[in-house]
Amino acid sequence: MSVALQPAPALDVARVRRDFPILARTVRGKPLVFLDSAASAQKPRAVIEAMVRCMETAYANVHRGAYHLSEVATESYEAARAAAARFLNAADPREIVFTRNSTEAINLVAHSWGRGVMRPGQAVLVSEMEHHANLVPWQMLRDDGRGIGLRVCRVTDDGELDLEDLAAKLADGKVGLVAVTHMSNVLGTVTPAERIVALAHAHGAKVLLDGSQAAVHRRVDVRAIGCDFYCFTGHKLYGPTGIGVLWARLEHLERMPPFLGGGDMIASVTLERSEWAPPPAKFEAGTPPIIEAVGLHAALDYVAAIGLPAIEAHERALVDHAMRRLCGVEGLTLLGRAQDRGGVFSFALDNAHPHDLSTLLDRAGIAVRAGRHCAEPLHARFGLEGGTCRASFGLYTTREEIDLLADALVRAREFFA
Amino acid sequence: MFDDLRDLYQEVILDHGRKPRNFRRIEDADRSARGDNPMCGDRMELWLKLSPEGRIADAAFQGRGCAISMASASLMTETVKGKTPEQAKEMGEKVRTLAMTGTCPACDGAIAEDMERLAPLSGVHEFPSRVKCATLAWHTLKAALEGAKEASSE
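As given, the protein sequences belong to chains A and B, one line each in that order.
So for the first sequence, UniProt numbering puts the first residue at 1; every next one is plus one.
So for the second sequence, UniProt numbering puts the first residue at 1; every next one is plus one.
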């Protein structure tokens with residue numbers, strides 16, 4: 001993780017908010033307080049307009065037509081790939097594979113690396129705090145009879161990855177791949193990526209980091225981290241739905257068999273057999289998400305213009321403020337107390353079920369998520385099978401919104417008393 | 001701040017949500033089923049004791065869920081006692097209508113008084129995401145009466 005050497009220019013949140021048309025609307029007669037960005041973030045005008053512009057002026061299928069519009073569209077699509085490579089500081093744009101979302105990126109690795117490269121007797125090591133997207137594909141790999149195991153690294157009571165347990169589970173050298181989150185979507189915990197990579201590589205394991213949350217909040221440098229696979233999704237990063245990014249070292253992509261078959265992923269086809277195109281085309285069968293790629297490119301540019309150091313500083317201040325305000329709410333249990341954390345807070349009130357609570361908060365115009373946030377095992381780990389409410393921040397979140405949340409929680413507890 | 005939510009969270013709902021009635025196991029139950037709403041984590045187990053002539057002699061449940069699902073289950077165990085399985089299932093259908101539309105045009109006859117008691121559940125009709133909370137117990141009842149082991153409100 002790179003550290004800003006100069007103080008980050010402050011983020012002007014009032015100005016940022018004007019970039020997001022939806023933030024001007026009301027909900028149930030109250031100004032919208034959108035605290036569910038970890039599920040999906042809102043979209044700035046720059047993204048909306050870039051996608052409309054693409055469809056109005058520069059749209060055709062890519063990689064196919066020898067005519068002007070197709071060439072323009074292909075250029076836009078490949079420019080998005082280059083932007084994603086810059087965003088992650090990847091060595092080469094060919095290391096960027098566009099997928100539908102993070103879930104598909106992880107499934108791609110599970111199918112292609114897991115079934116095509118890993119050997120029987122090897123295991124995948126995940127953690128207790130994974131989103132189902134980084135657990136279920138590995139359970140499916142374990143269960144399909146190839147002799148590939150699945151191990152689970154424990155999470156400490158504070159909600160951190162238990163690195164001693166990680167080391168212990170790597171010790172026999174049978175783990176071929178460590179697949180863990182870079183930031184928990186429930187606890188907000190940012191995991192120590194470089195240390196995980198060092199431990200894993202020392203024991204012969206590759207590392208996949210699920211950056212669905214982390215990439216939104218931190219500068220990610222895949223070369224500095226040293227991991228093997230990294231993925232994130234466009235819609236949490238202020239971009240459109242329907243596009244995600246898998247980054248993998250080129251040498252890995254070259255070894256991996258294709259995931260899906262179809263057009264655009266082949267070098268030559270006869271009725272008997274096909275030869276695969278080189279990466280990344282090998283992994284992008286069919287017409288790709290062209291308009292979504294343009295939208296993602298605009299989102300990456302938007303985030304870059306504000307600056308990830310400024311976003312990080314803004315969110316750090318919000319996290320400190322939320323910590324103070326939420327800890328002052330009587331009867332509230334906060335899930336996870338990691339040292340290094342981002343703007344995601346899951347909590348339970350002692351006298352209100354998360355669904356009742358979210359209905360009340362909704363009345364106050366506050367959107368939070370209620371449930372188990374696609375992380376059932378983690379809720380079981382903390383004895384909260386009934387779920388939690390989760391408030392999560394974006395670059396447009398304000399201190400005042402956190403105050404509104406804290407005040408509403410106090411009133412909600414009174415309501416159910 | 002939340003005054004307009006009193007239609008949804010009427011005192012009877014809050015009361016039954018906090019102190020669910022018949023929140024116990026029936027060891028020698030004749031029928032039982034589990035109800036599950038995987039989306040929100042609500043889960044319950046329902047036990048029924050039938051009389052020799054086949055009416056519901058006792059109903060009890062255990063589980064976890066929001067105030068609305070707990071209150072719905074609690075009110076259900078009270079109102080289905082003495083009913084035939086057909087009447088109980090009919091009540092379940094009416095609760096569904098009540099929860100989805102806020103009204104129950106055909107809630108008269110033998111079950112009129114019981115439907116009156118269940119009327120507070122109608123508040124969920126303005127909250128599409130909460131309708132399932134009110135109906136889970138009744139799906140579970142139907143499953144138990146029809147000999148199924150599992151019910152899901154998904």
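Think of the CB as a built atom: it goes at the ideal place given N, C-alpha and C, for glycine as much as any other residue.
Below 8 Å on the Cβ atoms is my guess for residue i versus residue j; work out the distance and round it to an integer in Å.
i	j	result
B/G63	B/A71	Between B/A71 and B/G63 the Cβ distance is about 12 Å, and since that is not below 8 Å, they are no contact.
B/R96	B/T135	6 Å
A/W247	A/V222	6 Å
A/V319	A/R341	6 Å
A/T233	A/S112	In fact, because the Cβ distance is near 19 Å, the residues do not count as touching under 8 Å.
A/E401	A/L35	7 Å
B/D58	B/K81	7 Å
A/V117	A/L141	Wrong, their Cβ atoms sit about 12 Å apart, outside the cutoff.
Give me the Cα-Cα distance between residue i and residue j, rounded to the nearest whole angstrom.
i	j	result
A/P44	A/Q139	37 Å
A/M129	A/D356	25 Å
A/E75	A/R115	33 Å
residue 156 of chain B	B/M115	Beyond the ends of chain B as shown, which are 1 and 154, falls residue 156 of chain B; an answer cannot be given.
A/G188	A/A215	13 Å
A/M1	A/H182	Bear in mind that a pLDDT of 49 at A/M1, under 50, signals an unreliable position, so the number given afterwards is only what the model happens to contain. Those two C-alpha atoms are separated by around 11 Å.
B/R6	B/P120	10 Å
A/D162	A/A50	43 Å
A/L405	A/A412	10 Å
B/E45	B/M76	13 Å
A/V47	B/E90	52 Å
A/A179	A/N61	34 Å
B/D15	B/A60	17 Å
A/P31	A/S212	28 Å
A/H321	A/V410	16 Å
B/K49	B/I56	6 Å
B/W47	A/E385	22 Å
A/T397	A/R15	12 Å
A/E164	A/V155	10 Å
A/T287	A/R255	23 Å
B/T79	B/K94	13 Å
A/F345	A/P137	26 Å
A/A298	A/I243	13 Å
A/P280	A/L199	29 Å
B/C133	A/H132	24 Å
A/C227	A/M55	36 Å
A/D365	A/I290	Contrary to the premise, residue 365 of chain A reads as Gly rather than Asp in this sequence. Distance between the alpha carbons of A/G365 and A/I290 is about 35 Å.
A/I96	A/A85	6 Å
residue 421 of chain A	B/R34	Residue coverage of chain A in this structure runs from 1 to 417, which leaves residue 421 of chain A outside it and unanswerable.
A/T241	A/E292	7 Å
B/L145	A/P354	30 Å
B/N22	B/G54	20 Å
A/A10	A/S268	52 Å
A/F98	A/V294	12 Å
A/L260	A/E284	8 Å
A/A304	B/R18	50 Å
A/L332	A/D350	6 Å
B/E11	A/V152	45 Å
Using the beta-carbon of each residue, which ones in chain A are nearer than 9 Å to residue i?
i	result
B/M1	L360, R363, A364, D407, A408, R411, A412, F415
B/F23	Residues of chain A passing the Cβ test: none, with the nearest at roughly 15 Å.
B/F61	Residues of chain A passing the Cβ test: none, with the nearest at roughly 16 Å.
Which bits of chain A does residue i rub up against, with CB to CB less than 7 Å?
i	result
B/A67	H353, D356
B/G41	G371, R372, E385, G386, G387
B/C133	H355
B/L121	Those within 7 Å of B/L121 in chain A number zero; the least Cβ separation is about 14 Å.
Give the interface partners of residue i over in chain A, defined as CB-CB distance under 8 Å, in chain order.
i	result
B/R130	H355, T359
B/D4	R363
B/G109	Within chain A, no residue comes near B/G109; the closest Cβ sits about 33 Å away, beyond 8 Å.
B/L136	The contacting residues do not exist; B/L136 stays about 12 Å from chain A at best.
B/D64	Residue identity check: residue 64 of chain B is Arg in the sequence provided, not Asp. Simply E385, G386.
B/L14	F416
Next item on the list: Compile a chain-ordered list of the residues in the segment 385 to 415 of chain A whose CB is closer than 8 Å to at least one CB of chain B.
Entry: Sequence-ordered contacts of the segment 385 to 415 of chain A with chain B read E385, G386, G387, A408, R411, A412, F415 [C-beta pairs closer than 8 Å].
Next item on the list: For the segment 176 to 224 of chain A, list the alpha helix (DSSP H) runs that are entirely contained and at least 4 residues long, ordered along the chain.
Entry: The segment 176 to 224 of chain A contains these whole alpha helix (DSSP H) runs: 193 to 202, 214 to 217.
Check: If you scan the segment 3 to 51 of chain B from start to end, which runs of the beta strand (DSSP E) of 3 or more residues do you find wholly inside it?
Finding: Considered as a whole, the segment 3 to 51 of chain B harbours 31 to 37, 42 to 50 as its complete beta strand (DSSP E) runs of no fewer than 3 residues, in chain order.
Check: What residues from the segment 25 to 39 of chain B come within 8 Å of chain A, judged by C-beta to C-beta, listed N to C?
Finding: Within the segment 25 to 39 of chain B, the residues whose Cβ lies closer than 8 Å to some Cβ of chain A are M39, listed in chain order.
Checklist line | Ordered list of alpha helix (DSSP H) runs contained in the segment 101 to 176 of chain A, each at least 4 residues | finding: Those alpha helix (DSSP H) runs which fall completely within the segment 101 to 176 of chain A and span 4+ residues are 102 to 109, 136 to 143, 163 to 170.
Item checked: Ordered list of beta strand (DSSP E) runs contained in the segment 253 to 332 of chain A, each at least 3 residues -> Every beta strand (DSSP E) stretch that sits fully inside the segment 253 to 332 of chain A and reaches 3 residues is listed by chain position as 266 to 269, 274 to 276.
Item checked: Start-end ranges of the alpha helix (DSSP H) lying completely within the segment 227 to 255 of chain A, minimum 4 residues -> Whole alpha helix (DSSP H) segments, 4+ residues: 250 to 255.
Next item on the list: List in chain order: all unbroken alpha helix (DSSP H) runs of 4+ residues lying wholly within the segment 100 to 133 of chain B.
Entry: If one requires a minimum length of 4 residues, the alpha helix (DSSP H) runs lying completely within the segment 100 to 133 of chain B are 112 to 118, in chain order.
Notebook entry, point to check: Which full runs of the beta strand (DSSP E) of 3+ residues lie inside the segment 326 to 372 of chain A, going along the chain?
Noted result: Along the length of the segment 326 to 372 of chain A, whole beta strand (DSSP E) runs at least 3 residues long occupy 332 to 335, 344 to 349, 369 to 371, reported in chain order.
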